[in-house]
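Residues 7 to 558 in our numbering are what the sequence shown lists, from first letter to last.
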Amino acid sequence: RLNTQFYSPLADLRGTTWVIHEGRIKLYNGDVFGGHTAQYVLTLEVHEEGRIEISQRDTHTPLCNVVLRGGRMFAYYAQLRSNSHELESGAKWKGFGLNGPITVIPSVDGRPARIEAHQCHLAHGTRRTVFDVKDGATLEVDTMLQFGWSANTLNPNYAGLVKTGGGTLKLLRPVGTRGTFDIQDGTVALGPKGHLDDQLKLNVSPRAKIVLDDEAQIVNATDLASALCGTADVWFDASRLGLEDGAAVSSVPNLGTAGGTFDNVRGLGSYMPMPPTYVADGINGRGTLFFNGSQGLVTTAYTNRDARATVFLVSKWTSWSGTGGAGRWGGPFSMTAKDPLVYSDPTRDDNQCAGALSYQHDNTANFSILSTYSQDGSVSSLNTGLTVGEPYITHSGRDGGRKIIYTGVWRDGGYVIATNTPAGLGNCDIDATAIGARLRAGAPQILGAGHTSNRAYIGQIGEVLVFSRDLTTEETATIYAYLQSKWFGAGTLSDEQAKALASTLAVEVPENATAHLAFNAGTTTEGVALDVAKTGAGTLRLGGAITGAGYV
């Protein structure tokens, strides 16, 4: 029985795990472990016979780093106010604040983990709650999921959620938040009469499946592009976020097979203290992230010790030299080993580490010089003709098998240059990937006016794809065509390319159930094919409109 608050002396709890193996921890006070936006590092792990319970009415308890192994979270006692009704945007912050991540591992006896409450709130301060339900595990969410609150957001209703892992997330009540629901892996099941707020945007990976019980319905804008992109190890797509203009973005899901998220956290020398902001009308009218020279997002979910790393990146520099008292030579993308301190000099950059890959514009007065770097080889793409403020696509990479490092550049209007440089490359040595910043150990990113070695980036980034496998000539051409069509509005996809990019929405309806799937006007397939693969003996009713579908 806890009736005190632990977050003031938080240093004493850092890195610790509280395991509830059996019995209950009952909370008799709000904010027991921290305030609503607290990103503390205490982990709560609840096993099959364990339970964590809010036992005081009108209290709110934010939680972070929760691990459930068949355990239960219970908060009905906190849900007694008349304005805490389903789908009401004015509901107070009561019940659990699910800041996440919520990790669910298989129980020893097969029972599902459960969250039971009238309502819980998502993503206080983080904008998205990650539900990582591992293979063989099930999480039953018997609560109304409402939006959280963040001082960095213009509209609190836009908090969203992310489903990762190969297990099953069962939503037994409506979801009342309006951000983005990214279903990256595994299964999401809506219970009887289950539905999502009609302003919630749904992103579905080709690796995921949706199960709709009787009278469950989805009438949301749904983004399913694209299957080929979904095979990338890293896939960052700002246009899929669907946020309001100017929103701070501290975490973005990696849609690629490596999973995980791009986070705005401290740690490696490149990690930046402030999150970038969302630009609703960015490149070609699509959403992008704007980095102001002191921001960055990093993921450590992707590792690579193979021969190849191939990168596609869509970006637009809005400033290069002298802005805000800082010098030039910023870098929008970087991959390197997690610990480049293997060198005697602790200030080594990514381009001074073997097995790394980064690129940036030159540190001379010529912005059009674009350089791709690694310690074991570098290449400069000269005479690109690029100007500050012009969007472009780069295709860069390293191939330890062929011993080359290369860069290609596409402007709006076509391909401008490609360079292959022989190099004594070995295999990749990548543990961290940064967007909007350069990975650098032990030294500041920004050195001030007059310095040519600033690592920060000022501009917009729309999409990043990283492949570890060797793409075929046809696959490479299809990625080019997809990015140019999407971000430049240039050209059209051939029938073969549209089919290669096609995505399948897998929907299961159990026997004796009738469910509803209606694509609203916001649904887009980026002009590629959309297949709906329905399984189960129940009935699925289809409707709605799809924008840009080449095939259905």
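Glycine residues also receive a C-beta, built at the ideal position from the N, C-alpha and C atoms.
* Through-space distance from VAL181 to ALA521, alpha-carbon basis -> 17 Å
* **Start-to-end residues for the beta strand (DSSP E) that takes in THR309** => That residue, THR309, is in no beta strand (DSSP E); it is neither H nor E in DSSP.
* To do: Spell out the partners DSSP gives LYS322 in its beta bridges.
  => PRO397, GLN466
* **Check whether ALA399 and LEU507 have beta carbons under 7 Å apart** => First, the residue type needs correcting, since residue 399 is Ile and not Ala in the sequence shown. Going by C-beta atoms, ILE399 is not nearer than 7 Å to LEU507.
* Rounded separation between ARG246 and SER257 - CA only -> 13 Å
* Is the segment 225 to 240 touching the segment 138 to 150 in the sense that three or more CB pairs, one from each, lie closer than 8 Å? -> no
* Asked: CB HIS509 to CB ALA233, shorter than 7 Å?
  -> Just to set this straight, residue 509 is Ser in the shown sequence, not His. Against a cut-off of 7 Å, the Cβ pair of ALA233 and SER509 comes out as a contact.
* **Which residues DSSP lists as bridging TYR82, in chain order** => Per DSSP, none; premise fails for TYR82.
* Asked: CB-CB under 6 Å to ARG78, same chain, minus the five flanking residues each way: which ones, in chain order?
  -> ARG57, ARG120
* When burial is assigned at 16 or more other CB atoms within 10 Å of the CB, is ARG444 buried or exposed? -> buried
* To the nearest angstrom, report how far apart LEU376 and TYR365 are at their CA atoms. => 7 Å
* Asked: What is the DSSP secondary structure of CYS70, reduced to helix, strand or coil?
  -> coil
* To do: Taking GLU480 as the reference, give the member of GLN503, GLY465, SER491, PHE473 with the closest Cα.
  => GLN503
* What span of residues does the beta strand (DSSP E) with CYS126 cover, start to end? -> 119 to 128
* Hey, VAL25 and HIS53 are a contact pair by Cβ (cut 8 Å); roughly how many whole angstroms apart? -> 7 Å
* Do the CB positions of HIS124 and GLY103 come within less than 7 Å of each other? -> no
* To do: Using a threshold of 7 Å, state whether the C-beta atoms of GLU517 and GLY549 are closer than that.
  => no
* **Continuous beta strand (DSSP E) stretch holding SER300: start and end** => No beta strand (DSSP E) holds SER300; DSSP gives it neither H nor E.
* State buried or exposed for GLY302, treating a residue as buried only when at least 16 other CB atoms are found within 10 Å of its CB. => buried
* Closest residue to ASP191 among LEU511, SER380, LEU471, THR309 (Cα-Cα distance) -> LEU511
* Would you tell me roughly how many angstroms separate the C-alpha atoms of HIS367 and GLY414, rounded to the nearest one? => 14 Å
* May I ask which residues mark the beginning and end of the alpha helix (DSSP H) holding GLY236? => 233 to 236
* **Residue of ALA313, TYR82, ASP418, LEU471 minimising C-alpha distance to ALA496** => ASP418
* Asked: Which one or two residues does DSSP pair with HIS367 in a beta bridge?
  -> LEU376
* ALA81 to ASN105, Cα distance in whole Å? -> 16 Å
* To do: Kindly list the residues whose CB is nearer than 6 Å to the CB of LYS540, restricted to its own chain and excluding five residues on each side of it in sequence; keep chain order.
  => VAL513, LEU546
* Asked: Are the CB atoms of LEU177 and VAL147 nearer to each other than 7 Å?
  -> yes
* To do: Could you please give the first and the last residue of the uninterrupted beta strand (DSSP E) stretch that includes PHE268?
  => 267 to 269
* To do: Express the C-alpha separation of PHE187 and LYS169 in angstroms, rounding to a whole number.
  => 8 Å
* Asked: How would you write the range of the alpha helix (DSSP H) that SER500 sits in, first residue to last?
  -> Premise fails: SER500 is in no alpha helix (DSSP H) and is neither H nor E.
* Buried or exposed: where does HIS27 fall if 16 or more other Cβ atoms within 10 Å of its Cβ makes it buried? -> exposed
* Asked: Which word fits PRO107, buried or exposed, when buried means at least 16 other C-beta atoms lie within 10 angstroms of its C-beta?
  -> buried
* Asked: Under a three-way DSSP split, which group does ARG246 fall into?
  -> helix
* Three-pair Cβ contact test at 8 Å for the segment 435 to 444 versus the segment 306 to 314 -> yes
* To do: Measure from the alpha carbon of SER340 to the alpha carbon of each residue in LEU261, THR193, TYR463, then state which is nearest.
  => TYR463
* Answer with buried or exposed for SER90, where buried requires no fewer than 16 other C-beta atoms within 10 angstroms of its C-beta. => Caution is warranted here: a pLDDT of 44 is assigned to SER90, below 50, making its placement in the model unreliable, and the coordinate value is therefore given only provisionally. So SER90 ends up on the buried side.
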